[in-house]
């Protein structure tokens with residue numbers, strides 16, 4: 009203060025007015041709980057340690073100091089108000105004297121546009137992309153790698169946030185809570201993706217879905233999520249073109265028109281101008297031309313040793329060979345049809361079950377993410393209202 013060369017105005021009643029320009033540098037305690045929507049209060053206290061109120065008295069002209077309109081705006085902070093408070097303290101050393109002081113309380117409000125545009129909005133969109141992975145079909149093999157990539161990108165954004173926040177352990181900032189909750193939710197989404205894939209590929213291990221899980225998914229969860237499961241319970245079935253048990257029948261090219269048809273449930277045998285029939289009241293699944301098939305098989309047998317046999321023994325052998333060939337072919341076709349239907353049903357059930365699980369996880373995670381985002385980002389405004397009341 010000795011270097012200040014401004015004059016002091018002295019009035020006739022002893023009052024002195026000294027307008028001395030100074031630049032003060034000070035440090036203020038910051039509360040980073042509401043970062044980047046925080047408001048800080050910086051206090052500047054002026055007083056005398058040497059002169060008591062009887063020797064030096066400090067007065068204030070107003071309670072609120074005016075903020076200069078023509079000032080250089082700061083890109084990060086906005087000065088909203090400056091309050092002036094006068095107090096007189098009595099110390100233990102001098103109980104009979106009080107020492108006055110003037111405190112300037114500067115109210116600073118952080119400009120949050122930079123952090124909202126560069127940190128909050130990108131994190132929000134990236135987290136939504138992670139939850140969009142539940143909308144991708146289960147057959148796509150890049151779901152887990154996609155969620156892992158999203159998780160790594162959010163970690164990079166968290167490092168940028170850590171550089172912007174003052175290093176302190178007194179409180180956890182709002183944006184730190186927001187990023188941590190988002191990372192936890194995306195990590196849980198990665199686990200949920202693994203569960204969905206496990207449900208989808210359960211038909212490869214064991215007998216597919218367990219009865220309890222099937223009842224829970226198809227009877228309880230599917231109606232809530234508005235998922236149609238008629239493709240499993242109804243008559244329509246998914247066609248698996250990669251597994252066709254009748255592909256070997258394409259090799260059987262008939263050389264003569266079909267006269268006699270034999271099915272799994274209706275067998276007709278043409279034997280010595282007589283007809284023997286055995287029928288059941290069930291639908292016909294498959295028809296095979298017996299004459300064409302048997303003539304080709306008998307032709308192979310004739311090439312080996314048919315000329316050495318007599319006509320009577322050859323007739324009996326031909327009839328026995330017909331019965332054995334038809335029986336074995338029908339058993340093969342029956343088992344193939346049954347295995348194909350069972351595998352087709354398991355695949356369809358597992359596919360629909362995985363779709364139900366994906367829909368449930370997507371609704372759950374998106375709802376939790378929106379609720380947590382709104383609650384965490386509104387915490388500063390809720391605290392501000394409580395402080396006002």
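Numbering (this note's numbering), first residue to last: 9 to 397. Even for Gly, the Cβ is constructed at its ideal location relative to N, Cα and C. Since the structure is predicted, the reported quantities are computational estimates derived from the model, not experimental observations.
Three-state class that DSSP yields for residue i in the structure shown
i	result
residue 141	helix
residue 55	strand
residue 272	Low per-residue confidence applies at residue 272: pLDDT is 40, beneath 50, and the placement is therefore not dependable, though the value from the model is reported in the following sentence. Here residue 272 sits in coil by DSSP.
residue 93	strand
residue 64	coil
residue 358	helix
residue 379	helix
residue 350	helix
residue 284	Its pLDDT being 40, under 50, residue 284 is placed unreliably by the model, and the measurement read from it follows with that caveat. If DSSP states are grouped into helix, strand and coil, residue 284 belongs with the strands.
Rounded distance between the beta-carbons of residue j and residue i, thought under 8 Å
i	j	result
residue 382	residue 211	So it is not a contact: roughly 40 Å between Cβ atoms.
residue 204	residue 376	Going by Cβ atoms, the distance from residue 204 to residue 376 rounds to 17 Å, so no, they are not a contact pair.
residue 197	residue 373	6 Å
residue 108	residue 61	5 Å
residue 134	residue 66	Incorrect: roughly 55 Å between the Cβ atoms, too far for contact.
residue 92	residue 50	No, residue 92 and residue 50 are not in contact; Cβ-Cβ is about 14 Å, not under 8 Å.
residue 363	residue 235	7 Å
residue 54	residue 90	Incorrect: roughly 13 Å between the Cβ atoms, too far for contact.
residue 40	residue 174	6 Å
residue 208	residue 359	7 Å
residue 217	residue 371	Their Cβ separation, rounded to whole angstroms, is 21 Å, which puts residue 217 and residue 371 out of contact at 8 Å.
residue 16	residue 189	Actually they do not touch by this definition, with Cβ atoms about 59 Å apart.
residue 369	residue 200	4 Å
residue 138	residue 169	Not confirmed; about 18 Å, so no contact.
residue 221	residue 191	The pair is not a contact, with the Cβ atoms about 30 Å apart (cut-off 8 Å).
residue 154	residue 172	Not quite, the Cβ-Cβ distance comes to about 28 Å (not below 8 Å), so this is no contact.
residue 202	residue 152	7 Å
residue 226	residue 237	5 Å
residue 19	residue 36	Not a contact, Cβ separation roughly 36 Å.
Neighbour flag for residue i against chain B, beta carbons, 8 Å
i	result
residue 57	Absent from the structure: chain B. Only one protein chain is present.
DSSP beta-bridge partners of residue i
i	result
residue 2	No answer is possible for residue 2: the residues shown for the chain start at 9 and end at 397.
residue 36	Its beta-bridge partners do not exist; DSSP assigns none.
residue 48	116
residue 73	90
residue 234	Partner(s): none; residue 234 has no beta bridge.
Residue i beta carbon near the ligand GDP (any heavy atom closer than 7 Å)
i	result
residue 110	This structure lacks the ligand GDP; in fact it carries no ligand of any kind.
Every unbroken alpha helix (DSSP H) within the stretch 179-205, with a cutoff of 4 residues, ordered by chain: none
Complete beta strand (DSSP E) runs within the stretch 101-135 (minimum length 3 residues, chain order): 107-118
Three-pair Cβ contact test at 8 Å for the stretch 145-154 versus the stretch 334-343: With a cut-off of 8 Å, the stretch 334-343 and the stretch 145-154 do not count as touching, because too few Cβ pairs lie within range.
Touch test, the stretch 71-78 against the stretch 27-35, Cβ-Cβ under 8 Å, three pairs minimum: no
Sufficient close CB pairs (3 or more, under 8 Å) joining the stretch 118-138 to the stretch 93-107: The stretch 118-138, when compared against the stretch 93-107, does not touch it at the 8 Å Cβ threshold.
Inter-stretch contact (C-beta, 8 Å, three-pair minimum) for the stretch 80-94 and the stretch 128-137: no
The stretch 38-47 touching the stretch 178-197, judged by at least three CB pairs closer than 8 Å: yes
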